[in-house]
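Residues in the sequence shown are numbered from 90 upward in steps of one, following the numbering used here.
All C-beta atoms in this analysis are idealised placements derived from N, C-alpha and C, irrespective of residue type, glycine included.
No experiment lies behind these values; they were computed from the predicted model shown.
As structure tokens, the structure follows; a few thoughts come after it.
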Amino acid sequence: MTKGNPTPEVDWKLVVRSLKGTGNSEGRMLVEKAILEAAGLPLRLRQARRRLFILTTSASEGRPAIIETERGLVCVIAFDDLVDVVMEKGPTLAEVMEIARREL
Numbered sequence: 090m091t092k093g094n095p096t097p098e099v100d101w102k103l104v105v106r107s108l109k110g111t112g113n114s115e116g117r118m119l120v121e122k123a124i125l126e127a128a129g130l131p132l133r134l135r136q137a138r139r140r141l142f143i144l145t146t147s148a149s150e151g152r153p154a155i156i157e158t159e160r161g162l163v164c165v166i167a168f169d170d171l172v173d174v175v176m177e178k179g180p181t182l183a184e185v186m187e188i189a190r191r192e193l
């Protein structure tokens, strides 16, 4: 499995929650970047099949996994993370950036 950044600059869930509903292309790009940075390089489907247990364990620990299929990229995330992203009100982008500055 290609590991994502073990210490990502910003929590990918915070970025997604802060940008959901904005509907602009820049927000979409930032969300994609945050998830891909946390997940690492996409695995081909055959590689993912061999590493299914590792992928699901990583996802349950809060690190998404990306699988490349013939029809596009698939993201594997934990159910709790999905519910958090969808239901929780996110911080503003300014708050996310402030958190990132403090962690550096």
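Specify, as a first and last residue, the run of the alpha helix (DSSP H) that G161 falls within. Counting from one through the sequence shown, the residue named residue 161 turns up at place 72. No alpha helix (DSSP H) holds G161; the beta strand (DSSP E) holding it covers 161-165.
Classify L190: buried if its beta carbon has 16 or more other beta carbons within 10 angstroms, exposed otherwise. Walking along the sequence shown from the start, residue 190 turns up at place 101. Residue 190 is actually Arg in this sequence, not Leu. Per the 10 Å Cβ criterion, exposed.
Alpha carbon of L162 to alpha carbon of P131, nearest angstrom: As a working note, residue 162 is residue 73 in the sequence shown. As a working note, residue 131 is residue 42 in the sequence shown. If you draw a straight line from the Cα of L162 to the Cα of P131, it is about 8 Å long.
Secondary structure, alpha helix (DSSP H): runs of 4+ residues fully inside the stretch 107-174: The DSSP assignment places 114-128, 134-139, 141-149 as complete runs of the alpha helix (DSSP H) inside the stretch 107-174, in order along the chain (cut-off: 4 residues).
Between L108 and G116, what straight-line distance do the alpha-carbon atoms span, to the nearest angstrom? For this step, residue 108 is matched to residue 19 along the sequence shown. For this step, residue 116 is matched to residue 27 along the sequence shown. Each residue's Cα considered, the two are about 6 Å apart.
Given this structure, state the Cα-to-Cα distance separating T146 from L171, to the nearest angstrom. Along the sequence shown, read from residue 1 onward, the residue named residue 146 stands at position 57. Along the sequence shown, read from residue 1 onward, the residue named residue 171 stands at position 82. Computed Cα separation, rounded: 15 Å.
Starting from L193, trace the alpha helix (DSSP H) both ways and give me its first and last residue. Start at 1 with the first residue of the sequence shown, and residue 193 comes out as number 104. Unbroken run through L193: none, as it is neither H nor E.
Given V120, which residues of its chain have a CB within under 7 Å of its CB, disregarding the five upstream and five downstream residues? For the purposes of this step, residue 120 is taken as the residue at position 31 of the sequence shown. V104, V105, L108, listed in sequence order.
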